[in-house]
Amino acid sequence: MTIELNKRQEQILEIVKENGPITGEHIADRLSLTRATLRPDLAILTMAGFLDARPRVGYFYTGKTGVQLLTENLQKLLVKDYQSIPVVVSENISVYDAIVTMFLEDVGTLFIVDQSSLLVGVVSRKDLLRASIGKQELNALPVNIIMTRMPNIAMCTRDDLLIDVAKKLIERQIDAMPVVKETDAGFEVIGRVTKTNIAKALVALAEDA
1 MTIELNKRQE QILEIVKENG PITGEHIADR LSLTRATLRP DLAILTMAGF LDARPRVGYF
61 YTGKTGVQLL TENLQKLLVK DYQSIPVVVS ENISVYDAIV TMFLEDVGTL FIVDQSSLLV
121 GVVSRKDLLR ASIGKQELNA LPVNIIMTRM PNIAMCTRDD LLIDVAKKLI ERQIDAMPVV
181 KETDAGFEVI GRVTKTNIAK ALVALAEDA
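Just so we're aligned: the sequence shown equals residues 1 to 209 in UniProt numbering.
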């Protein structure tokens, strides 16, 4: 964790390390400060995970390093808190229209749905580039010819851990994954998670620290 402690917070940590569990009053006495003055620092150190507090016992040092705290926070991030709006197209559109849509929406992956708006395929920038290299007429080539079909699509739900999705993206060597809601008829696309979403989550985690 990249949290930078001020001098007083470092002093508080040292006192708790050596004397914990110790009450806020006793910490204040050692620093010749009032309990009210220390309260914000104690709150920050507790919320950041450096200290823990127990009623009628006091504060004690958790013994966790910054890396451990960062790892713990990373393992709590959920897809629903960082997912973005998916770009969905019909399986009947042409490869040409798919390329135009990808360019206009500025995305690297399109999610393909059937007439019932259920997920049937995924098309990446690489798929469209590969199709455009040949001599095929892109206006006449349906996107469903080149898409990755079910059940070979990597998916996630809004309640999945973001770190698990990141691992899938790396394993599959893909840039994005649809966030789906399962229905009796199939999977409805309700969001997307991309490498950019995950990068933003990491930045937010570091800034919150």
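In this text, a Cβ means the ideal position worked out from N, Cα and C, and glycines have one as well.
Taking just the CA atoms, how far does residue j sit from residue i?
| i | j | result |
| --- | --- | --- |
| E4 | L45 | 11 Å |
| F50 | Q9 | 10 Å |
| T196 | P40 | 34 Å |
| S32 | E18 | 18 Å |
| E182 | E14 | 51 Å |
| I112 | D106 | 16 Å |
| R30 | K7 | 15 Å |
| I99 | V193 | 20 Å |
| M177 | Y96 | 22 Å |
| R130 | C156 | 26 Å |
| M102 | N92 | 16 Å |
| A166 | H26 | 45 Å |
| I133 | D184 | 39 Å |
| residue 211 | K168 | Residue 211 falls outside the range modelled here, since the chain spans only 1 to 209, and no answer is possible. |
| Q11 | A28 | 11 Å |
| P86 | N73 | 26 Å |
| L78 | A199 | 14 Å |
| G108 | R125 | 5 Å |
| E137 | S94 | 10 Å |
Can you tell me whether residue i is buried or exposed, with buried defined as 16 or more other CB within 10 angstroms of its CB?
| i | result |
| --- | --- |
| Q115 | exposed |
| residue 210 | Past the boundaries of the shown model lies residue 210; the chain is included only from 1 to 209, so the question cannot be answered. |
| A43 | exposed |
| L128 | buried |
| P55 | exposed |
| A36 | exposed |
| M47 | exposed |
| M1 | Residue confidence for M1 is low, a pLDDT of 43 falling below 50, so the modelled location carries little weight; the figure read from the coordinates is stated next. Buried, since its Cβ has 16 or more Cβ neighbours within 10 Å. |
For my contact list, residue i and residue j are in at a C-beta cut-off of 8 Å; report their separation, rounded to the angstrom.
| i | j | result |
| --- | --- | --- |
| L119 | F60 | Not confirmed; about 49 Å, so no contact. |
| G121 | N144 | 6 Å |
| L38 | G24 | 6 Å |
| I174 | A154 | 6 Å |
I'd like to check one pair, residue j with residue i: are the Cβ atoms closer than 8 Å?
| i | j | result |
| --- | --- | --- |
| V180 | I190 | yes |
| L141 | V123 | no |
| G58 | I22 | yes |
Relative to the ligand ADP, is the shortest distance from any of its heavy atoms to the C-beta of residue i smaller than 7 Å?
| i | result |
| --- | --- |
| D127 | This structure lacks the ligand ADP; in fact it carries no ligand of any kind. |
Any chance the segment 149-167 sits against the segment 73-82, with 3 or more Cβ pairs inside 8 Å?
Contact between the segment 149-167 and the segment 73-82 is present, because at least three Cβ pairs lie under 8 Å.
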